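Novice: As given, the protein sequences belong to chains A and F, one line each in that order.
Counting from 1, one number per residue, gives the positions in the first sequence under the numbering used here.
Counting from 1001, one number per residue, gives the positions in the second sequence under the numbering used here.
Structure provided below as structure tokens; questions to follow.
2 protein chains.
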Amino acid sequence: MARSLDPQLMRLVAARFKVLAEPARLAILDALRAGEMTVTDLVDITTLGQANLSKHLQLLHSHGFVKRRKDGLFTYYAVANRDVYRLCDVMCGHLEAEATARRKLALAR
Amino acid sequence: MARSLDPQLMRLVAARFKVLAEPARLAILDALRAGEMTVTDLVDITTLGQANLSKHLQLLHSHGFVKRRKDGLFTYYAVANRDVYRLCDVMCGHLEAEATARRKLALAR
DNA sequence: CCAATGTATTAGCGTATAGGCATACGCTCC
DNA sequence: GGAGCGTATGCCTATACGCTAATACATTGG
């Protein structure tokens, strides 16, 4: 019963998770909850440098997490799909569950 | 309006995503869809070495993705929470969506 | 065209981690 | 206790990636 469900697909899914596996990018996505923003806006909100930020945005965009719109000098970024937040919520749920489990364990000891 | 929603939390969530950001570990979780297994079982199913596999399992366990049960010589691993599969499904959905979008673009060109 | 401004890109450095090998630990049976 | 097996751990190398500084590119206004 060799599953081995398409190693190719695994690589793709892993790559997408990797995009979210970075506090800086999560901070960007979180900031974008408020709506579309320019890079400069994000520089102010997050504590990231402009170059750094730009690269993170490229990555987020190339993986379809954000969309962009150029207007003159500015580039406006926005989340492409609010499902991203669902993913984060599930993760947060796990974190809480684990935290409370740990607390229980500590008490029981 | 400095959001900056707890950088600490960001780090934790990112760390959890990072655990899933690895094809090998996704393969392990996928194999575990069939039920609990020993390390040796997983060595056979996946193409990973024993040492490597053990390390991945430690990581998955320390982050609460799998639970383990020792029975004599063997250690049985199983997914701790099927939510993991929901996360993967969402990611796959995105992949498909992006793929079809690309295809449309290619046709339109 | 030139200057100014916003954004993207490149190069270099430091850190983190996956993978393989060797080995240590734990358990069972003789 | 010793042998054998399953599992875990430490060391090492190669690679990937985030961050910074410097620079290039693009667009607008004078």
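For every residue, glycine included, the Cβ atom is placed at its ideal position computed from N, Cα and C.
Note that this is a predicted model, so its numbers are computed, not measured.
Is any beta-carbon of chain A found at less than 9 Å from that of Glu1036 of chain F?
Specialist: False, the Cβ-Cβ gap to chain A never drops below 9 Å.
Novice: Starting from Leu15 of chain A, follow the beta strand (DSSP E) in both directions and report where the run begins and ends.
Specialist: According to the sequence provided, residue 15 of chain A is Ala. The question's Leu does not apply to it. From DSSP, Ala15 of chain A is part of no beta strand (DSSP E) but of the alpha helix (DSSP H) over Pro7 to Leu20.
Novice: At the level of alpha carbons, what is the spacing between Gln1058 of chain F and Leu9 of chain A?
Specialist: Spanning the two alpha carbons is a distance of roughly 24 Å.
Novice: List the residues of chain F that Leu48 of chain A touches, going by C-beta distances under 8 Å, in chain order.
Specialist: Those within 8 Å of Leu48 of chain A in chain F number zero; the least Cβ separation is about 11 Å.
Novice: So, for His1061 of chain F: in the same chain, excluding its five sequence neighbours on each side, which residues have a beta-carbon less than 8 Å away from its beta-carbon?
Specialist: Lys1067, Arg1068 and Tyr1077.
Novice: Would you list the one or two residues that DSSP bridges to Ala67 of chain A?
Specialist: A small correction: the amino acid at residue 67 of chain A is Lys; Ala does not occupy that position in the sequence shown. A:Ala78, per the DSSP bridge assignment.
Novice: For Ala78 of chain A, decide whether its Cβ has a neighbour in chain F, counting only Cβ atoms nearer than 9 Å.
Specialist: For Ala78 of chain A, the answer is no, since every Cβ of chain F falls outside 9 Å of its Cβ.
Novice: By the three-class DSSP mapping on this structure, what secondary structure does Thr1040 of chain F have?
Specialist: If DSSP states are grouped into helix, strand and coil, Thr1040 of chain F belongs with the helices.
Novice: Output yes if chain F places a C-beta closer than 9 Å to the C-beta of Met1 of chain A; else output no.
Specialist: Caution applies to Met1 of chain A, whose pLDDT of 41 falls short of 50 and renders its modelled position unreliable; the model cannot decide the point.
Novice: Indicate the three-state DSSP secondary structure (helix, strand or coil) for Thr129 of chain A in the structure shown.
Specialist: Here chain A comprises residues numbered 1 to 109, so residue 129 of chain A is not present and cannot be evaluated.
Novice: Thinking C-beta only, is Phe1017 of chain F closer than 9 Å to Lys18 of chain A?
Specialist: It is a contact, given that the beta carbons lie within the stated cut-off.
Novice: Within 9 Å (strictly less), CB to CB, does Val1013 of chain F reach chain A?
Specialist: True, the Cβ-Cβ gap to chain A drops below 9 Å.
Novice: Starting from Ala1027 of chain F and walking both ways along the alpha helix (DSSP H), at which residues does that stretch end?
Specialist: It spans Pro1023 to Ala1031 - the alpha helix (DSSP H) in which Ala1027 of chain F sits, taken as one unbroken run.
Novice: Can you check whether the CB of Arg1033 of chain F is closer than 9 Å to the CB of Tyr1085 of chain F?
Specialist: Yes, Cβ-Cβ distance for Tyr1085 of chain F and Arg1033 of chain F is below 9 Å.
Novice: In whole angstroms, what is the alpha-carbon distance linking Thr1038 of chain F and Gly1049 of chain F?
Specialist: Approximately 14 Å, taken between the alpha carbons.
Novice: I'd like to know whether the C-beta of Val90 of chain A is nearer than 9 Å to at least one C-beta of chain F.
Specialist: By this cut-off, Val90 of chain A is an interface position.
Novice: Quick check on Gly35 of chain A: buried or exposed, where buried means 16 or more other Cβ atoms within 10 Å of its Cβ?
Specialist: Exposed: under 16 other Cβ atoms inside 10 Å.
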